[in-house]
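First the structure, in the form of structure tokens, and then the observations on it.
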Amino acid sequence: MKRIKSIYVVEDDPISSYVIKLALQQHPSFEDSLEFKNGKEAVDYLAQHAIKGQAPGLILLDINMPVLDGWGFLDNFSGLQIKADIPVVMLTSSINPEDIAKAKSHELVKGYLSKPLNKAKLDEILTFL
Amino acid sequence: MLNTQIKEEKYLDIINQFALGLLSQSTIKEILWSVIDNVVSKLDFYDCAIYLLDDQGENLIQVASQAYKNRTPKENKAALIKLGTGIVGKVALQKKAKITNDTSLDKDYIPDDQFRFSEITIPIIHEDELIGIIDSEHPDKDFFQPIHLSILTTIASMVAIKVVQARHLENLAEREQSFDLIYSNTNDLIFLIAVEPNKVYRIVSVNRAYLDLSKRSKEDVVGKTVDEIWDKERASVIRKYFIQAITTKKPITYEIDFGKGEDRTIVETKLTPVFDKRGRCTNLSGVSRDITAAKATQSELKQEQEKYQLLFSKARDAILMLKNDIIIECNDRALEIFGRSREELIGFKPNHFSPKLQPDGQTSSRKTIGDSFQWVHSKKDGSLFTVEVMLSPFKLENEEYTQALVRDISDRIKTEQVLRASEKRYRTIFENSLDGIYKSTPEGKFVEVSPALVNMLGYSSEEELLSIDIKTQLYFKTEDRIKHDNQYRLKRKDGAEIWVEDHGFYQYDNSGKKIFHHGILRDVTAKNQKQEELQNLLNMTSDQNKRLQNFAHIVSHNIRSHSANLTSLVSFMESTKDEDEKEKMFQMLKSSTSQLEETIKNLNEIITVNQNLNKPIERRNLLSEIEKTLKILSGEIHQNKVSVKIQVPADLKINVIPAYLDSIMLNLVDNAIKYRRRDLKPKITIKATQLKKSVKLVVSDNGLGIDMKAHGDKIFGMYNTFHANEDARGFGLYITKNQVEAMKGKIEVKSEVNQGTKFIITFDEAH
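Next comes the structure, spelled out in structure tokens:
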């Protein structure tokens, strides 16, 4: 069974972040997650580690965040020019059609999921990874 | 008188000697002198004289005379005798010899140098024509005998023959000489050809001109046959003409081009066949002439004539040639214009083809005045047409003619009528249109203005409007003037502005230079105002719609995010056995529910702001309102050592919803403190300015600032936070904006990272 290692959770709300971590822990295919409070923290970390070959297996990305939001993160991420194929899945409570359309058309985004995250949704992620 | 008795034998001997003498003489003078010598010496005459009739046949001129032996010669008294005068003149007239035995008895006798009593006078006659007279006198009476008469008559007839012969010879020589002269000097080409058996034509003789023109030497031509001289083609043509002349026995004239290529040399030849007694053609004589130049001139003349003919016949105008007012010639166009045949025009006066009266009411039969005039003519079918006539007199071989150039201008007149009608229609529109119509110069003066324009711009008369300087007195912006098909503002006379729609165009001269502006101005002020109101309404509606949509998304997002947390926490709590973990989750559950409550409260607040658009507006003193806010925040201000500077006029009052103003000030000042720089003493400046129709309130700080490039469009959005600050709710500025707009104000922000932030609020005081 495929296991996804090193999952970045980019989420400003601490409760949401905790809930996501729990969901990941309880699923057999996902292990060791890292939490980031906003897009900037995630990009900075990625920039340092991806170069050393420590690329994450999955990035779960919220949209509304302070400092650097989900879209800003994606722009900066593209700018890093990382060779490794890192799948990004948007995880948000927004059901704004504009957000969904924007996510689907973004080349780096592999999926768009609405909160809450549960086992069924994690299974869905596995199908398109 | 023994010596006068001449014997028969002597007589014959004398004649013989004469005949011999005459044979050896050639010129007339020699002949005559030898006659005289012989007569005087042989016949023992006292004297002898010979007269010849002059060319006019009027006088006898003495050409030779001899006195006898040692006697002195006669003086030339009677060198000239008029025909019919004296004995000599009479004899000459009657052509009959005469012996006068006693001159004193003859009334006709005119004494010579001395009076002599007898005289013998013999006419020299040839073929009944008098040539001259032989005359001899003698001092004795009855000296001359009939024998003398016989001898002299015989001598005279011999002399006559000889003289005629000599004269012929002289003439011949003279003619030969002049022929030679002509032959060698004429510019005409002369040649003689011998006709030989088997149609061989050999050149016998040519003159210099022939050699010059043909550029050949004499050796190349004389003695050669036609075939040897000319190329095959030309020789065959020439032979054809030769044969024609020979067979028809008549001179012929023909032309041959001896040139090569473009260089033409056309020669005209008159060829005359010469026949012998048996009717056989022995020679051909020809005279040729270079007629190249003449031909060219002729052809040019012909072309000129054709050109003129073409001009005449194809002219767009009718051309009539008049003599004494009567048409004697006309071109084809005249037939078309007048609708008549040539026969129906020629021989008539032009006013014959006219109605009785001309448009000016006068009869058509009057004499026209001037060289150029308009005239109405009628066609054969009676239809009338107007023409323009130009008369020009000319003289041809001393005869006076008039050329009439007749142009049909019926179409032009119709066009003019249509134009006039259209001009009239234009005038009607110009005078009555509700739109302003104008014509102006590029320099900025009106040339024409319609009454509606005068009215629209508030001037009292056309003259007044015509006198203004368009550029300075009419336009706010001079560049508007060239914006045809556009809308712009114009100044009325009273200074008020109106909006106009300009539909204009330029009029150019032949060189492409603008000479006039033409245009129609429509007053669209009222229309524009309505449109503006409509646009505002539309903007507001779409703005509200957008906010509503945004709000719906926010509501769903916020509530969903909390409910998602709640759902997850509850399900984890169910499954977990760990009590500590359970407690942690419970705390989170509590926090999440209170956040949800907070969110719902916030949303309620927003709905309230948006619902209470018609909350009572009150007039408040701005400074005291600000001071009230600062009092609420005084703890924080003090705690963070913030220096607050207030620059608000004490008497400045504004129309506000007081609760909103409090909320706005509280939020802005609170933000300024919250996002201060920790390394600087925080400074906040609150400044208010009274403007013409508004009040400007500026709240600025020296804090962290916001990256406008990254977040500029999200500053006033809901739940957008820009700093990694746990307190930030991303709600304050959203509500502030809503409150400002609820009071019909505007809020803007200017900021730079680490340079501070400046919020500018404009309160609209216009209503």
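Just so you know, the protein sequences line up as chains A and G, in that order. Quick note on our numbering: the first sequence kicks off at 7 and runs consecutively. Quick note on our numbering: the second sequence kicks off at 1030 and runs consecutively. Where is the CB? At the ideal position from N, CA and C, for every residue including glycine.
Of all Cβ atoms in chain G, is any one closer than 8 Å to the Cβ of A:Y14?
no
Can you tell me whether G:P1379 is buried or exposed, with buried defined as 16 or more other CB within 10 angstroms of its CB?
buried
Under 8 Å, Cβ to Cβ, is there at least one residue of chain A near G:N1700?
For G:N1700, no CB of chain A lies under 8 Å from its own CB, so it is not counted at the interface with that chain.
Against chain G, with Cβ distances strictly below 8 Å, would A:I21 count as a contact?
yes
Cβ of G:S1571 less than 8 Å from any chain A Cβ?
no
How is G:P1152 classed by DSSP in three states: helix, strand or coil?
The answer is strand: DSSP assigns G:P1152 an E or B state.
Could you tell me the distance, in whole angstroms, from the CA atom of G:N1105 to the CA atom of G:N1200?
Any reading at G:N1105 must be qualified, since the residue scores a pLDDT of 49, below 50, and its modelled position is unreliable; no value is offered.
Let me know the secondary structure DSSP gives G:T1301 once reduced to three states.
strand
Rounded to a whole number of angstroms, what is the C-alpha to C-alpha distance between G:I1499 and G:Y1455?
Approximately 24 Å between the Cα atoms of the pair.
List the residues of chain A whose Cβ lies closer than 7 Å to the Cβ of G:M1617, in chain order.
I21, Y24
Does A:P122 get closer than 8 Å to chain G when you measure Cβ to Cβ?
Chain G, which has a Cβ nearer than 8 Å to the Cβ of A:P122, makes this yes.
Can you give me the start and stop residues for the alpha helix (DSSP H) that A:K110 sits inside?
Segment 103 to 111, the alpha helix (DSSP H) holding A:K110.
DSSP three-state label for G:W1404, please.
strand
Output the boundary residues of the beta strand (DSSP E) element that contains G:E1417.
1413 to 1425
What did DSSP end up calling G:G1118 once you bin it into helix, strand or coil?
helix
Answer yes or no: does any C-beta atom of chain A fall closer than 8 Å to that of G:L1662?
no
What is the residue span of the beta strand (DSSP E) that G:A1322 lies within?
Per DSSP, G:A1322 belongs to no beta strand (DSSP E); it is in the alpha helix (DSSP H), 1321 to 1343.
Please report the residue range of the beta strand (DSSP E) in which G:L1733 lies.
No beta strand (DSSP E) holds G:L1733; DSSP gives it neither H nor E.
Rank G:F1074, G:I1258, G:I1275, G:L1726 by C-alpha distance to the C-alpha of G:D1305 and give the top, closest one.
G:I1275
Is the separation between the beta-carbon of G:D1152 and that of G:V1120 shorter than 8 Å?
Inspection of the sequence shows that residue 1152 of chain G is occupied by Pro rather than by Asp. Contact: yes.
Show which residues of chain G have a CB atom less than 8 Å away from the CB atom of A:G78.
A1739
Using 8 Å for Cβ pairs, my map puts A:I101 next to A:S120. What's the rounded Cβ distance?
6 Å
Going by other Cβ atoms of all chains shown within 10 Å of its Cβ, with 16 needed for buried, is G:A1048 buried or exposed?
exposed
Name, please, each residue of chain G whose Cβ falls closer than 8 Å to the Cβ of A:N82.
The contacting residues do not exist; A:N82 stays about 11 Å from chain G at best.
Name the one or two DSSP bridge partners that A:E41 has.
Beta-bridge pairing links A:E41 to A:V15.
With 7 Å as the limit, tell me which residues of the region 86 to 112 of chain A have their beta carbon closer than that to any beta carbon of chain G; keep them in chain order.
Under the 7 Å Cβ criterion, the region 86 to 112 of chain A contributes S99, S100, I101, N102.
Of all the CB atoms in chain G, is at least one closer than 8 Å to the CB of A:L28?
yes
With 16 other CB atoms within 10 Å as the buried threshold, where does G:I1583 fall?
G:I1583 comes out buried.
Report the start-end ranges of each beta strand (DSSP E) in the region 1443 to 1500 of chain G that is 3 residues or longer and not cut off at the edges.
1465 to 1469, 1475 to 1478
Would you give the residue range spanned by the alpha helix (DSSP H) that G:Q1516 belongs to?
Per DSSP, G:Q1516 belongs to no alpha helix (DSSP H); it is in the beta strand (DSSP E), 1515 to 1520.
According to DSSP, which residues form a beta bridge with G:W1528?
G:R1518
Measure how close the beta-carbons of G:D1482 and G:Y1504 come, nearest whole angstrom, since I'm counting them as under 8 Å.
Note that residue 1482 of chain G is Leu in the sequence shown here, rather than Asp. Wrong, their Cβ atoms sit about 14 Å apart, outside the cutoff.
Kindly indicate which three-state DSSP category G:R1371 falls into: helix, strand or coil?
helix
Around the Cβ of G:K1630, are there at least 16 other Cβ atoms within 10 angstroms (buried) or fewer (exposed)?
exposed
Please tell me whether G:F1601 has its Cβ less than 8 Å away from any Cβ of chain A.
Under the 8 Å criterion on CB atoms, G:F1601 is classed as interfacial with respect to chain A.
Can a CB atom of chain A be found closer than 8 Å to the CB of G:A1555?
no
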